[in-house]
Amino acid sequence: MQGKCLTKVLREMLFSWTTLIDGYAQKNLSDEALRLFELMLSSGVEPNEVTMITVLSACSEKGDLNIGKSFHEYVERKNVNCALNLMNALLDMYVKCGCLATARDIFDKMETKDVFSWTSMINGYAKNGELGLAKRLFDEMPERNVVSWNAMIAGYSQNSHPKEALKLFHDMEKAGLVPIESTLMSVLSACAQSGCLDLGERIHRYYINQKRIKTVLYELILLSELENSASDILEEN
Numbered sequence: 001m002q003g004k005c006l007t008k009v010l011r012e013m014l015f016s017w018t019t020l021i022d023g024y025a026q027k028n029l030s031d032e033a034l035r036l037f038e039l040m041l042s043s044g045v046e047p048n049e050v051t052m053i054t055v056l057s058a059c060s061e062k063g064d065l066n067i068g069k070s071f072h073e074y075v076e077r078k079n080v081n082c083a084l085n086l087m088n089a090l091l092d093m094y095v096k097c098g099c100l101a102t103a104r105d106i107f108d109k110m111e112t113k114d115v116f117s118w119t120s121m122i123n124g125y126a127k128n129g130e131l132g133l134a135k136r137l138f139d140e141m142p143e144r145n146v147v148s149w150n151a152m153i154a155g156y157s158q159n160s161h162p163k164e165a166l167k168l169f170h171d172m173e174k175a176g177l178v179p180i181e182s183t184l185m186s187v188l189s190a191c192a193q194s195g196c197l198d199l200g201e202r203i204h205r206y207y208i209n210q211k212r213i214k215t216v217l218y219e220l221i222l223l224s225e226l227e228n229s230a231s232d233i234l235e236e237n
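Residue numbers for the sequence shown follow UniProt numbering, so the first one is 1 and each next one is one higher.
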């Protein structure tokens with residue numbers, strides 16, 4: 001009976017600690033979240049998978065590779081059975097901390113991968129300017145969602161490859177996917193880089209119900225030094 005009571009108390013304590021840590025992590029208060037985790041360990045409460053994922057999220061937000069590595073070592077010392085979500089959290093932490101070699105090593109060793117795994121790695125390569133590696137993974141993906149397409153389109157746009165970004169956007173539309181706001185921002189940026197006003201206008205008119213597009217398009221046309229066209233379009237709306 002005492003053993004069952006102790007287990008229940010420890011479970012409730014773990015839930016409370018995890019909730020507090022997650023609260024700080026959700027508010028981007030990474031230092032506080034990590035300090036709470038250290039206090040939790042010193043109090044004798046062992047983390048579960050949810051706690052570990054939350055702590056890795058705080059490490060990712062902080063961008064501190066040394067802390068992230070230390071936590072990874074802790075996971076290995078404890079011989080934790082790393083399920084997909086925990087592996088994804090480790091992968092994402094290394095990507096966001098800029099350690100792509102270790103991230104790729106984890107990615108290659110993962111027996112099971114989901115869309116998040118692939119997209120996280122693609123995003124890391126794209127943000128680092130390694131577009132060839134990013135595109136290779138993108139082409140190898142067994143399935144893609146809007147976020148996957150967005151990562152690749154953004155990578156091209158941010159690295160001054162507007163033609164590739166726009167082609168991929170067309171492919172995305174052909175696949176029947178509806179772009180999210182950040183996708184449209186990347187595409188409009190690509191339009192600005194290539195001076196492709198027609199596509200910018202089409203995007204603006206198609207998504208006219210989303211009021212944010214009007215301001216973005218105006219900035220696009222200013223970048224393209226087509227102020228007269230900007231005025232015409234804005235006057236019509």
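Idealized CB from N, CA, C, for every residue including glycine.
Nearest-angstrom Cβ-Cβ length linking residue i and residue j, presumed shorter than 8 Å
i    : j    : result
I153 : S120 : In fact, because the Cβ distance is near 16 Å, the residues do not count as touching under 8 Å.
A101 : N123 : Not a contact, Cβ separation roughly 16 Å.
E49  : L20  : Not confirmed; about 17 Å, so no contact.
L131 : G155 : 6 Å
V147 : L177 : About 10 Å; that fails the 8 Å criterion.
N88  : S117 : 6 Å
C196 : L166 : 7 Å
I106 : Y94  : 7 Å
Cβ neighbours of residue i in the same chain (closer than 7 Å, five flanking residues each side left out)
i   : result
E32 : Y24
D92 : S60 and S120
T54 : T18, I21, D22 and A25
M13 : V45
Own chain, CB closer than 6 Å to residue i, minus 5 neighbours either side, in chain order
i    : result
P162 : A190, Q193 and S194
T51  : T18
L199 : C191
D34  : Per the sequence shown, the amino acid found at residue 34 is Leu instead of Asp. So the qualifying residues of the chain are A58.
L84  : T112
N64  : First, the residue type needs correcting, since residue 64 is Asp and not Asn in the sequence shown. Answer for D64: no residue qualifies.
G68  : C59, M93 and C97
F15  : none
Spatial neighbours of residue i in its chain, beta-carbon cut-off 8 Å, leaving aside the 5 residues before and after
i    : result
C82  : V75 and L90
V80  : E49, M52 and L86
V115 : M141, E143, R144, N145, V147 and S148
Handout entry: Entirely enclosed alpha helix (DSSP H) segments - the UniProt repeat "PPR" (114–144), minimum 4 residues
Key = 115–127 and 131–140
Exercise for the section: Counting only runs of 4+ residues fully inside the segment 153–210, write out the alpha helix (DSSP H) ranges in chain order. Expected result: The qualifying runs are 162–174, 181–194 and 197–206.
Practice task
Could you pull out every unbroken alpha helix (DSSP H) segment of at least 4 residues lying fully inside the segment 9–97, listed in chain order?
Solution key: 30–42, 49–62, 65–77 and 84–96
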